[in-house]
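Asker: My questions will all concern the structure given below.
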Amino acid sequence: EARALLGRLEYQRGNIDAALHVFEGIDVAAVMPKIKLSIARKFERRKRRSHNDIAPPMTMHAVSLLLEAIFLKAKALQDLGRFK
């Protein structure tokens, strides 16, 4: 989460290289299963209306921050001409 926030801040300031450097530290492959599980559990819980379930591995806030970081990393790569 901290890297996602810092990367967003650097990107907003126009420090594309610094933002990309921060985003490179996020292991997307390791985080993606947790994101999927968190989203799935969120919607399961909504269907059943029960709050006695096991908590998801990540909060929805953390999930949205990480998805935004993935998007901004792609934008940074595009801005630097490394991604089309």
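Every position in the sequence shown, counted from 1, becomes a number in our numbering once 536 is added. All residues carry an ideal CB built from backbone N, CA and C; glycine is no exception. These numbers were taken from a predicted model, which means no experiment stands behind them.
Just to confirm, is the Cβ distance from L601 to I571 under 8 Å?
Answerer: No, these two residues do not count as a Cβ contact at 8 Å.
Asker: Note the first and the last residue of the continuous alpha helix (DSSP H) segment covering E617.
Answerer: Here residue 617 is Gly; the residue named in the question, Glu, does not match the sequence. From DSSP, G617 is part of no alpha helix (DSSP H); its letter is neither H nor E.
Asker: Which term fits A540, buried or exposed, when burial requires 16 or more other beta carbons within 10 angstroms of its beta carbon?
Answerer: Per the 10 Å Cβ criterion, buried.
Asker: Per DSSP, what kind of secondary structure is E560 in: helix, strand or coil?
Answerer: Reduced to three states, the DSSP call for E560 is helix.
Asker: Report yes if the C-beta distance between I562 and A605 is below 8 Å; otherwise report no.
Answerer: In contact: I562 and A605 (Cβ atoms closer than 8 Å).
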